[in-house]
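Chains as they are written, first to last, in UniProt numbering: chain A, 1 to 248; chain B, 1 to 248. No residue lacks a Cβ here, since even glycine has one placed at the ideal position from N, Cα and C. Have a look at the structure below before the remarks.
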DNA sequence: CATAGCCTGATTGTCGGACACTACGACTGT
DNA sequence: ACAGTCGTAGTGTCCGACAATCAGGCTATG
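This is the structure in structure tokens:
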């Protein structure tokens, strides 16, 4: 027969404390930005020692439920997206995911982001996009700055599409892929110009509110990126050489 | 001008300990499965107190770098994908992401997963898929079981596509969306039959190694899902009512 | 009145020591 | 070889303490 052997987890005190506080945050009785009592007071409230409270807090801190700008301030906070992004990025880095894997997914996410941006971006946001693009043009030749602005441009488009799920999923992937540019642009110098025109096309399509066109150019842009990877012969190379570089 | 004001983080002892150990894990000198020294020994090695080591370990534990099956065993481990999935899922739940957001992304991920599966799935894996599908057919009428098998079917396709990036990104999204089925199927009972035929179409296309067709049916399947959401009038409803249900 | 600088108390990071309880590994007997 | 027993090391939790340092209020100054 099937004996249901439940995991039977022992609840340690520090675990319970973390759970209780997290519960109250999720439930809403503790609102983000609010200041939490000090460790001693918490210890008194829960009837445990400061050490125990401490371990519980470490856990919440790591989960992003509390924020510690300075040792004295202890604020409630909801886990932000970038927390996950960096974690996911780290995970992918140490899985040694290849450019091919990143590219295959990006090939879908970026066109979608562009399409959504066409529908949802405000005029002000489009102006912001133009600004980023102008800076990219100005940075022509500067590798690091180009990579940074490229990433920013794509992130902005995704953000303006106002789909939080897409943003959550896309961020770490795009980061890794575009960061990989650092290994690409060198062998293919004319990329600078190609990238600028590609971004220009996407930007114009968004401004004209032409969803299909924006999606088309985004796709084309990522495809072009792939050509660069192929020329460099890095299709199945890990997108990051040593995972150590992501030290929180 | 742009003054680069870095956050200038003070390195506390427990932080340094966590960093040092993590470093050695990433670098490879500590291999997964290996047993770590006890807290007292570690304390001696790093020249700090056990309390300090403890806080550092809590952090690694939370990050998934060490695993504690029992209080006595302390193993090295690499963060697994499902760790992130659940975390991402929690985050999305408490952001109250809508069905629309989930659907828009799934509309891209599932067809891609199907396409990749066509290219990369082995015969054995296709047989496995068939098995899952058979069980779905048998479960007709049982809501919970249907949801579970539906999720499993899609997960399997994604897995057989062998793109780790896609899997990482897709998993929590699909989970939330298909879980949402629970709220949908009730209003639209004939979904059972439609879902079975849809899955059958996808399965056949994969077996015939027809990438475009597999992608087409996957898309159609997700589109069909959306119709159900619309009928229920849940387009912009949060996909999960209370985030509390995800208590690790 | 608003602002800048100073001061003090409270709180944190870290330390050392202590105790009950439990699981791991060795020992024993069959 | 196996099952049962047992000692011990190691963990979870507690207590108390100390220096460093930051928050918030106080003061002085314009």
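Rounded to the nearest angstrom, how far is the Cβ of residue i from that of residue j, given a contact under 8 Å?
| i | j | result |
| --- | --- | --- |
| residue 133/A | residue 203/A | 6 Å |
| residue 177/B | residue 102/B | 4 Å |
| residue 115/A | residue 73/A | Contact doesn't hold; Cβ gap of about 42 Å is too wide. |
| residue 163/A | residue 105/B | 7 Å |
| residue 56/B | residue 17/B | 3 Å |
| residue 149/B | residue 135/B | 6 Å |
| residue 119/A | residue 205/A | Between residue 205/A and residue 119/A the Cβ distance is about 12 Å, and since that is not below 8 Å, they are no contact. |
Is it true that the CB of residue j sits closer than 8 Å to the CB of residue i?
| i | j | result |
| --- | --- | --- |
| residue 111/B | residue 215/B | yes |
| residue 157/B | residue 117/B | yes |
| residue 66/A | residue 76/A | yes |
| residue 222/B | residue 107/B | yes |
| residue 81/B | residue 168/B | yes |
| residue 175/B | residue 89/B | yes |
| residue 196/B | residue 137/B | yes |
| residue 179/B | residue 147/B | yes |
| residue 87/A | residue 58/B | no |
| residue 233/B | residue 191/B | no |
| residue 62/B | residue 22/A | no |
Could you check the C-alpha separation between residue i and residue j for me, to the nearest Å?
| i | j | result |
| --- | --- | --- |
| residue 207/A | residue 217/A | 13 Å |
| residue 189/A | residue 139/A | 14 Å |
| residue 19/A | residue 238/A | 38 Å |
| residue 230/B | residue 226/A | 38 Å |
| residue 194/B | residue 131/A | 48 Å |
| residue 85/A | residue 122/B | 32 Å |
| residue 213/A | residue 219/A | 10 Å |
| residue 240/A | residue 97/A | 8 Å |
| residue 199/B | residue 109/B | 16 Å |
| residue 60/B | residue 47/B | 19 Å |
| residue 14/A | residue 15/B | 19 Å |
| residue 244/B | residue 235/A | Here the model assigns residue 244/B a pLDDT of 49, short of 50, so the residue's position is not dependable, and the following value carries that caveat. Cα to Cα, residue 244/B sits roughly 42 Å from residue 235/A. |
| residue 79/A | residue 64/A | 5 Å |
| residue 145/A | residue 43/B | 43 Å |
| residue 127/A | residue 181/A | 26 Å |
| residue 224/B | residue 113/B | 17 Å |
| residue 160/A | residue 49/A | 47 Å |
| residue 125/A | residue 151/B | 37 Å |
| residue 51/A | residue 99/B | 43 Å |
| residue 71/A | residue 37/B | 30 Å |
| residue 209/A | residue 129/A | 14 Å |
| residue 12/A | residue 27/B | 32 Å |
| residue 33/B | residue 69/B | 12 Å |
| residue 141/B | residue 92/B | 29 Å |
| residue 83/B | residue 31/B | 19 Å |
| residue 40/A | residue 41/B | 29 Å |
Among all the DSSP beta bridges, which residues are the ones paired with residue i?
| i | result |
| --- | --- |
| residue 75/B | 35/B, 67/B |
| residue 98/B | 238/B |
With a threshold of 7 Å (Cβ to nearest heavy atom), would residue i be considered close to the ligand ADP?
| i | result |
| --- | --- |
| residue 53/B | Here there are no bound small molecules, and the ligand ADP is not part of this structure. |
Quick one: which residues of the stretch 63-87 of chain A get their C-beta closer than 9 Å to a C-beta of chain B? List them in chain order.
63, 64, 71, 78, 79, 80, 81, 83, 84, 87
Report the residues of the stretch 162-173 of chain A with a CB closer than 7 Å to any CB of chain B, ordered along the chain.
163, 164, 165, 166, 168, 169, 173
Interface positions of the stretch 18-52 of chain B facing chain A (Cβ-Cβ less than 8 Å), listed along the chain:
19, 22, 23, 26, 27, 51
In the stretch 209-234 of chain B, which residues sit with their C-beta less than 7 Å from some C-beta in chain A, listed in chain order?
none
Interfacial residues, the stretch 89-106 of chain A to chain B, with Cβ spacing under 7 Å:
91, 92, 94, 95, 97, 101, 102, 104, 105
Which residues, in chain order, does the stretch 115-142 of chain B contribute to contact with chain A at a C-beta distance below 8 Å?
116
Taking only beta carbons into account, state which residues of the stretch 179-200 of chain A come closer than 9 Å to chain B, listed in chain order.
none
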